[in-house]
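Residue numbers 0 to 150, in numbering that gives the first Met the number 0, belong to the letters of the sequence shown in order.
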Amino acid sequence: MSEHDESNHLILFAHVLAKFQFIEEGIRIYVRTVYALIKHRMRDEIQIKLSGRTLQGKSLSALLLEFERFNKNGQLIENIRKLIPKRNRVAHVAFYKMYENLAEGQDNTAHSEEIREIGNAAQKCVELLHQEIEVVEGLCRDEGIPPADIV
0 MSEHDESNHL
10 ILFAHVLAKF
20 QFIEEGIRIY
30 VRTVYALIKH
40 RMRDEIQIKL
50 SGRTLQGKSL
60 SALLLEFERF
70 NKNGQLIENI
80 RKLIPKRNRV
90 AHVAFYKMYE
100 NLAEGQDNTA
110 HSEEIREIGN
120 AAQKCVELLH
130 QEIEVVEGLC
140 RDEGIPPADI
150 V
């Protein structure tokens, strides 16, 4: 494999892993927004101790469980759930590709196709998640909740 091919392969890994970061952050945004909506609607009638700060550092699996509590898009949830082990595999393979000396001439074409397919599936989840975020952000706008209250 040429140096150029190896570089393209690593760029592919980076793009796919970035899509998973978008999924994680998208879930955080969604859940923080839902928390703000719940707090606002309860207007101190019930003490609500939900904070977006509790979401920092949580794994994608833990974030998905929280997301699932407030979202009814079962297909999106299932798609993300199925992608989690694939994301972990991509991350591990990327790590070894970057830091281990691999045998020269190794054919990564099939491997690249698999990574592209995972990336495409992740991208679809990003797009669906964006739609879900727009729904809860719209609810917040309707309620007059300023973005500063979504923490």
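Note that CB positions come from ideal geometry on N, CA and C, so glycine has one too.
By the Cβ criterion, the region 29-36 is not in contact with the region 80-96, since fewer than three pairs of Cβ atoms, one from each stretch, lie closer than 8 Å. The DSSP-derived three-state label of residue 16 is helix. For the 8 Å CB-CB criterion, residue 51 and residue 150 form a contact. Taking 8 Å as the upper bound for CB-CB distance, residue 125 and residue 21 are in contact here, some 5 Å apart.
For the pair residue 59 and residue 23, the CB atoms are nearer than the 8 Å cut-off. By the neighbour-count criterion, in which 16 or more other beta carbons inside 10 Å mark a residue as buried, residue 121 falls on the buried side.
Cβ-Cβ distances below 6 Å link residue 38 to 47 in the same chain, with the five nearest sequence neighbours on each side left out; the list follows chain order. For residue 15, the closest of 65, 137, 86, 26 by C-alpha to C-alpha distance is 86. Rounded to the nearest whole angstrom, the CA to CA distance from residue 54 to residue 28 is 10 Å. Our two residues, residue 83 and residue 70, have alpha carbons roughly 18 Å apart in a direct line.
The Cβ atoms of residue 75 and residue 138 do not sit closer than 8 Å to each other. Rounded to whole angstroms, the gap between the alpha carbons of residue 26 and residue 145 is 19 Å. Sixteen is the threshold: when 16 or more other Cβ atoms of the shown chains lie within 10 Å of the Cβ of residue 18, as they do, the residue is buried.
Rounded to whole angstroms, the separation of the alpha carbons of residue 110 and residue 62 is 28 Å. The three-state secondary structure of residue 22, taken from DSSP, is helix. In this structure, residue 131 places its C-beta atom within 8 Å of the C-beta atom of residue 72.
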